[in-house]
Amino acid sequence: MLNSLTIHNIVLIDRLHIDFEEGLCVLSGETGAGKSILMDSLGLAMGGRGGRELVRHGTDQASVTADFYLPDSHMIWSFLDGQSLSHEGGQIILRRSLSRDGRSRAYINDQPVSITLLREVGDMLVEIHGQHDERGLLNAAGHRKILDDYGHYDPLRAAVRQSHQNLISLENLLAEEEAKLAKVKADEDYIRHNLQELEALSPISGEENQLADERSRMMQGEQMSDGLQDILSGLLNKNGIDAALRSLLRRLSRMAGQDRGILDPVVNSLDRAANETSDAIAGLEEILRNLEFNPHELENTEERLFALRAAARKHNCLVDDLAQLLRDFEQQLRALEFGDGEVHRLKAEITVARANFDQAVADLSAARAEAAEMLDQLVNGELPPLKMEKARFRTQLVPLDRDEWGSDGGERIEFQISTNPGAPFGGLIKVASGGELSRFILALKVVLARKTTVPTLVFDEIDRGVGGAVADAVGERLKRLADEAQILVITHSPQVAARAANHWLIEKAEKQVGGDVFTNIISLDQDRRQEEIARMLAGAKITDAARAAAASLIRG
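Counting along the sequence shown from 1, when you hit position 233 you're at 681 in the working numbering, and nothing is skipped either side.
Pasting the structure below:
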């Protein structure tokens, strides 16, 4: 239950603290006293929308704190554990702050959280039935969620969503596989031709750099070979150094026999030079024989390198990507060979998935029909005390065409009413008058509230537009609901207020210093409560007759 609510600097509220009790808690006050501000503040603590306009004029920050106490069995504890939020002693404190600059912060048990998480927790703790939320009940698009929440068959809804998602996923996979297969079949000749070319080429990742390095090395060897060959030719041709030395040596040798040994040193020197030249020639020839250059090898290397680069240009890719491209073509052909089998497999899975989805939809539809029957029975039971003895309410389940089924099931749901015997059923807003509509909405809200797991229910002026015996019936139903949950009611009805276990008065007051207007709340004792109910009966001028009537209402 909601233990207390502390409000600071929200619109007309300076600082306000309310300690609530169990049972039916009534809040009343004159129009404009600030009851709507109180509801806005509670909604803010629950993660509702809040803007800088809520911050009290002249202040920089506003805050709302809601303190709850719940039994150990409540589902909120496991949820908080799942969010790694600490808690102890059965207490949950929700806090929300707003700054003048528009910043908003949220806390659960003094631990910072997102507004979304605060709202999710708030929805588990408080359910607000506002004076304007009948617009949601009038909108048939929201009736399915209302019925589903009332029925509490979440596992069946989850089964429909999961089986539908599985079916959609398989159908998407099938569409992709069929499109892929169709493209491969259309390009089969092209794929086979390119595959044959690449298989003949047998590209290897990293091969381009290796071939380029080998080509560079061999081209350098070719240049060295050509240079050495030129040098060797210069040494060996008929006008070369070797031939010249040997020719000179022969002439000197002929002359040496006549010079009595004078030319011997010269002959010896030239002989040594000729021998060293021969050694140099032999060395060059040996180097040329051992030089790592093979013109055919260079030609083969260049042919391989240029073939790889030509293939890369053809396929608009890098040379290193050719090996992967070859594998891609192989995979596409395998897809062509095995694609039909994959399509058949997916179609078989879809048949099973569709059957599972159909069964899940059927199970959910049956549960909805059962919940609708119970809802209709209970709502119709609430109508006679509200002076609508001849009216009837029903929940219409309209089957959808098979191709319209989705994650929400296989039917459209609409709440319908008939105001008189023999009159056709129709949508709430189309059939009921203003007064009838309010009572239908009230009956529906009372029934829906009985099934909620939320510990605190708030009814904000849902009894407007009714009085007398109808208002008394409203009060009696709210009091019965208070046996099952904490009920907070903002009301202008004395009949409802008289049923309260606890009663607070919301009023405007003026500060003695400065004259600022602010909203205040007072817990009423028995005498003040009787006086407030008398005011609700009589208006501004409270008579003794009104006081007596108030006392009679309180006594029941």
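Glycine residues also receive a C-beta, built at the ideal position from the N, C-alpha and C atoms. Fair warning: this is a prediction, and the values are worked out from it, not measured in the lab.
In the three-state reduction of the DSSP assignment, residue 968 falls in the strand class. With a beta-carbon spacing of about 6 Å, residue 843 and residue 595 fall inside the 8 Å limit used to define contacts. CA-CA distance, residue 901 to residue 516, rounds to 15 Å. With contacts defined as CB atoms closer than 8 Å, residue 494 and residue 542 qualify as a contacting pair.
Across the structure, residue 810 and residue 858 are spaced so that their CA atoms are roughly 8 Å apart. In the three-state reduction of the DSSP assignment, residue 839 falls in the coil class, being assigned neither a helical nor a strand state. With respect to the 8 Å criterion, residue 1002 and residue 577 are not classified as neighbours on the basis of their beta carbons. Rounded to the nearest angstrom, the gap between the Cα atoms of residue 659 and residue 749 is 6 Å. Of the candidates 455, 683, 780, 780 places its Cα closest to the Cα of residue 630.
Closest in alpha carbon position to residue 678, among 821, 732, 519, 783, is 732. Nearest Cα to residue 535 within the set 519, 544, 549: 519.
The three-state reading of DSSP puts residue 457 in strand, counting E and B together. Residue 791 and residue 619 have their C-alpha atoms spaced approximately 11 Å apart. Residue 538 and residue 816 do not touch by the CB rule: their CB atoms are close to 35 Å apart, not below 8 Å.
For the set 869, 497, 833, 755, the Cα lying nearest the Cα of residue 839 is the one of 869.
Annotated three-state conformation of residue 951 is strand, per DSSP. With a cutoff of 8 Å on beta-carbon distance, residue 830 and residue 871 are scored as not near each other. Counting along the chain, the unbroken beta strand (DSSP E) around residue 513 starts and ends at 509 to 517. With contact defined as three or more Cβ pairs closer than 8 Å, the segment 911 to 926 and the segment 451 to 468 are not in contact.
Inclusion of residue 531 and residue 565 in the CB contact set at 8 Å is warranted, their separation being smaller than that value. Per DSSP, the beta-bridge partners of residue 907 are 577, 937. Relative to the Cα of residue 504, the nearest Cα in the group 995, 974, 966 belongs to 966. For residue 561, the enclosing beta strand (DSSP E) stretches over residues 559 to 561. 8 Å or more divides the Cβ of residue 982 from the Cβ of residue 473. Residue 864: member of the beta strand (DSSP E) spanning 859 to 866, first to last residue. By the CB criterion at 8 Å, residue 784 and residue 646 fall outside the cutoff.
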